[in-house]
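Peer 1: Residue numbers (the working numbering): 14 to 477.
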């Protein structure tokens, strides 16, 4: 077979590059249904626009951003609705949003990244040894009142913190980083409610754990706050500085620590809105009456567990880099597998979903096939008294076949980062959290998954 001349390859690349430059230049905003949409997409990706516009309308959310990558290429990056209702400023595709708990996978990646660097320097023989390090041996923080209340605290490992098995259970004892438990702690310490993460950790060291570390998983903001302190102690850098130094070589520049007060919001950051009819609250900063997004919690104490801000395209770029599609390697393939591995906890032994090291993971299951009329299955009988045998759940797949994600929620913020097995990564960020949040997040995830299935042709351009 005759090979095409080399100049034809060059011409093809040039045409592709020129097309990408044309498509990736943000056009003027359009206003379907009265709401602005900014930046670029392709006609075949219109199902995503329908999902985002429907959600803004149905749940009365002012604005949002969505970024979508396919096989390592950024193919959609759009802003929807308003970043500021008063000024009518449209959401730009690279606008900054509070991530809330979507900060946790970034912290988890930073811990693994730090661990691999320490292994390469000979501090630990391997990554698993690092993950079994005792967290409070590294932090070396004095407890409030001078005495540790529970000796099991010293058994908490970095792996325990990453997979939420450290021993704290907010359902049983409240979340120390949020009201009303935060209010009780501040009173006990005779301090204002704007407690730092170090002060909250020190106080919780003077209280009992709710279960033995490593015996079960229970979602813990405090555990990730401790991980932030571990990063600072081992790296010798502030948490934010370490994260930025890790991400900037990948071209990710938007990730930074957010601020509590409206007047301190960052350049390019959206304004946050509570749901209609939500009450004002006393600010944790100065006691003045404020909207909940700007004072019900002290964002500066949440940096490692929920206090970061970022843009949607940069979140997608992070996952693309983790999968090795482009740029320098952030984590080794072995570290990526460890990050997504099923924890050795009884509650996850036979479930298709589990919380790994900083990510919620789902193992896709084969679809049951409908039988033709008159056919039987199982033991040879379709009689309901002898039902067909159920298929055993698939419990393990390689990373490229897994679905992994994380979401986040504060008053005024709702976020989702979703990696699908089809080579698709999506980041959706909103500047309000509906009162019926459980319905919203389920509809968001389902809508994005269905929109992905509806795409018949993926663009070839790359807007990274």
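Don't be surprised by glycine CBs; every beta carbon is placed ideally from N, CA and C.
Roughly how many whole angstroms lie between the Cα atoms of residue 219 and residue 207?
Peer 2: 19 Å
Peer 1: Residue 307: buried (16+ other C-beta within 10 angstroms of its C-beta) or exposed?
Peer 2: Burial call: buried.
Peer 1: Taking 8 Å as the threshold, find out whether the region 76-92 comes into contact with the region 316-333 through three or more Cβ pairs.
Peer 2: yes
Peer 1: Would residue 177 be called buried (16 or more neighbouring beta carbons within 10 Å of its own) or exposed?
Peer 2: Burial of residue 177 is indicated by the presence of at least 16 other C-beta atoms within 10 angstroms of its C-beta.
Peer 1: With a CB to CB cut of under 8 Å and the five nearest residues on each side skipped, what residues in its chain are close to residue 44?
Peer 2: Spatial neighbours of residue 44 in its own chain (CB-CB distance under 8 Å, excluding positions within 5 residues in sequence) are listed in chain order as 50.
Peer 1: Of all the alpha helix (DSSP H) runs that stay within the bounds of the region 251-330, which reach a length of 4 or more residues?
Peer 2: 252-260
Peer 1: Which value, in whole angstroms, describes the spacing of the CA atoms of residue 134 and residue 148?
Peer 2: 20 Å
Peer 1: Can you check whether the CB of residue 376 is closer than 7 Å to the CB of residue 407?
Peer 2: Contact: yes.
Peer 1: Going by DSSP, what residues sit across from residue 124 in a beta bridge?
Peer 2: DSSP output for residue 124 lists no bridge partner at all.
Peer 1: Which runs of the beta strand (DSSP E) at least 3 residues long sit entirely within the region 45-75? Give them in chain order.
Peer 2: DSSP runs (the beta strand (DSSP E)) wholly in the region 45-75: 50-53.
Peer 1: Just curious, the alpha helix (DSSP H) that residue 420 is in, first and last residue?
Peer 2: Careful: residue 420 lies outside any alpha helix (DSSP H), inside the beta strand (DSSP E) at 416-423.
Peer 1: Determine the burial state of residue 448: buried for a count of at least 16 other Cβ atoms within 10 Å of its Cβ, exposed for fewer.
Peer 2: exposed
Peer 1: Relative to the C-alpha of residue 465, which residue among 476, 436, 442 is closest?
Peer 2: 436
Peer 1: Touch check for the region 112-126 and the region 244-263: three-plus C-beta pairs under 8 Å?
Peer 2: Taking 8 Å as the limit for Cβ pairs, the verdict is that the region 244-263 does touch the region 112-126.
Peer 1: Do the region 332-344 and the region 292-302 meet, that is, are 3 or more Cβ pairs less than 8 Å apart?
Peer 2: no
Peer 1: Please report how far the alpha carbon of residue 459 lies from the alpha carbon of residue 429, in whole angstroms.
Peer 2: 12 Å
Peer 1: Excluding the 5 residues preceding and the 5 following residue 393 in the sequence, name in chain order all residues of the same chain whose CB lies nearer than 7 Å to its CB.
Peer 2: Bear in mind that the predicted position of residue 393 carries a pLDDT of just 37, short of 50, making it unreliable; the figure below should be weighed with that in mind. Nothing meets the Cβ criterion.
Peer 1: Output yes or no for whether 7 Å exceeds the beta carbon distance between residue 434 and residue 416.
Peer 2: yes
Peer 1: Considering only their Cβ atoms, is the gap separating residue 238 from residue 210 smaller than 7 Å?
Peer 2: Result yes, Cβ atoms of residue 210 and residue 238 sit closer than 7 Å.
Peer 1: Determine which residues share a DSSP beta bridge with residue 445 and list them.
Peer 2: DSSP, once it has assigned bridges, lists 286 as partnering residue 445.
Peer 1: Could you tell me which whole alpha helix (DSSP H) segments of length 4 or greater appear in the region 160-241?
Peer 2: 171-175, 183-186, 194-202, 210-218
Peer 1: Throw me the rounded Cβ distance for the residue 321 and residue 112 pair, which I believe falls under 8 Å.
Peer 2: 5 Å
Peer 1: Cα-Cα, which of 108, 99, 57 is closest to residue 441?
Peer 2: If we check each option's Cα against that of residue 441, 108 comes out closest.
Peer 1: Please work out which residues of its chain come closer than 7 Å, Cβ to Cβ, to residue 398, disregarding the five sequence neighbours upstream and downstream, and give them in chain order.
Peer 2: Low confidence applies to residue 398: its pLDDT is 47, below 50, so where it sits in the model is not reliable, and the reading given next is rough at best. So no residue of the chain qualifies.
Peer 1: Check whether the region 274-288 and the region 233-248 are in contact - that is, three or more C-beta pairs closer than 8 Å.
Peer 2: Judged by Cβ distances under 8 Å, the region 274-288 makes no contact with the region 233-248, as fewer than three pairs qualify.
Peer 1: Does the beta-carbon of residue 141 have 16 or more other beta-carbons within 10 angstroms, so that it is buried, or is it exposed?
Peer 2: exposed
Peer 1: Here's the rule: buried if 16 or more other CB atoms are within 10 angstroms of the residue's CB, otherwise exposed. What is residue 446?
Peer 2: buried
Peer 1: For residue 100, is the classification buried or exposed, using 16 other Cβ atoms within 10 angstroms of its Cβ as the cut-off for buried?
Peer 2: exposed
Peer 1: When the Cβ atoms of the region 348-356 are set against those of the region 449-458, are three or more pairs found closer than 8 Å?
Peer 2: The region 348-356 makes no contact with the region 449-458, as fewer than three CB pairs between them are under 8 Å.
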